[in-house]
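Heads up: the sequence shown is residues 3 to 199, going by the numbering used here.
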Amino acid sequence: MLSLWPVFLLLIVYSLAYYNVDYFLIPTLLALGFTRGQVLLIAGLWGFLDMLGGYIGWSGFRGLMAKVFEKDIIFMKKVAGEEEARGVLETIQVYFVSKYLKFLNGNSQNNTKKLGGAWYKFIDRISDRMIRFVLGILKGGSYVLIFIIGAAPFPGPRMVSDIFCGSMRWKKGFATVALGNFVKTLGFVYGWNWMFS
């Protein structure tokens, strides 16, 4: 249960994100009579902690998923005969999975490589090209692009960039998004104050 801390952190962060800094917190604090400096400090801190919680949560979620996939890879190595199964229960699991794969493929040679065939190769090739394209865009103008996304006046792109930076564990990218978010918060504090004046 304790190993699921990233999931619980993300639930808390995204539940608290309901109290949107730009459209809820800043106007409320200004209406209550706080000064612009106080509102900037409170809203900037709230926005940063919100994004930091998302970053840490997605980074932990990545580690959680890596453990799950690592267990699957080790299990498939045991099915392929590259590693020994330990214990009676694991031996039985490996036996039935290898029989199932043999049934699916029609033979007993290299069960794991034959799954999917040409369709798998096609999907794999397309996904590799998409990943190279996205990484090329990010390498080309990553910090400027991430800053612009952080400074955008609507919350969707910031959440996506927070998820991306957290799951990639890209600390400098997160710092850039957080800086863009603070600049956006600065604009909202003075913008809301201008609208209410």
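Glycine residues also receive a C-beta, built at the ideal position from the N, C-alpha and C atoms.
| query | At what residues does the alpha helix (DSSP H) containing residue 30 begin and finish? | reply | Taking the sequence shown and counting its residues from 1, one reaches residue 30 at position 28. 28-33 is the extent of the alpha helix (DSSP H) around residue 30.
| request: Could you check the C-alpha separation between residue 127 and residue 40 for me, to the nearest Å? | output: Locating residue 127 in the sequence shown gives position 125, where the first residue counts as 1. Locating residue 40 in the sequence shown gives position 38, where the first residue counts as 1. Going by the C-alpha atoms only, they are around 53 Å apart.
| field | Through-space distance from residue 23 to residue 48, alpha-carbon basis | value | Your numbering for residue 48 matches position 46 in the sequence shown. Your numbering for residue 23 matches position 21 in the sequence shown. Roughly 7 Å separates the two Cα atoms.
| Distance, Cα to Cα, residue 52 vs residue 181? | Here residue 52 corresponds to residue number 50 of the sequence shown, with the count starting at 1. Here residue 181 corresponds to residue number 179 of the sequence shown, with the count starting at 1. Linking residue 52 to residue 181 through their CA atoms gives a straight-line distance of about 13 Å.
| said: Taking only three categories from DSSP, how would you classify residue 182? | reply: The residue you call residue 182 lines up with position 180 of the sequence shown. Helix at residue 182.
| field | Proximity below 8 Å, CB of residue 145 to CB of residue 93 | value | One-based indexing of the sequence shown puts residue 145 at position 143. One-based indexing of the sequence shown puts residue 93 at position 91. Taking 8 Å as the Cβ cut-off, residue 145 and residue 93 do not qualify as a contacting pair.
| Is residue 171 helix, strand or coil when you go by DSSP? | Taking the sequence shown and counting its residues from 1, one reaches residue 171 at position 169. If DSSP states are grouped into helix, strand and coil, residue 171 belongs with coil.
| query | residue 172: buried (16+ other C-beta within 10 angstroms of its C-beta) or exposed? | reply | Residue numbering aside, residue 172 sits at position 170 when the sequence shown is read from its first letter. By the 10 Å Cβ count, residue 172 comes out buried.
| message | The alpha helix (DSSP H) that contains residue 61, what's its start and end? | response | In the sequence shown, residue 61 corresponds to position 59, counting from 1. Per DSSP, residue 61 belongs to the alpha helix (DSSP H) from 38-82.
| field | alpha helix (DSSP H) segment containing residue 10, residue limits | value | Along the sequence shown, read from residue 1 onward, the residue named residue 10 stands at position 8. That run of the alpha helix (DSSP H) goes 7-18.
| message | Here's a check: name, in chain order, each residue in its chain whose Cβ is nearer than 8 Å to the Cβ of residue 62, leaving out the five neighbours to either side. | response | The count along the sequence shown starts at 1 and reaches residue 62 at position 60. Counting only Cβ-Cβ distances below 8 Å, and skipping sequence neighbours, we find 7, 8, 11.
| query | So does the region 186-193 actually touch the region 61-81, counting three or more Cβ pairs closer than 8 Å? | reply | no
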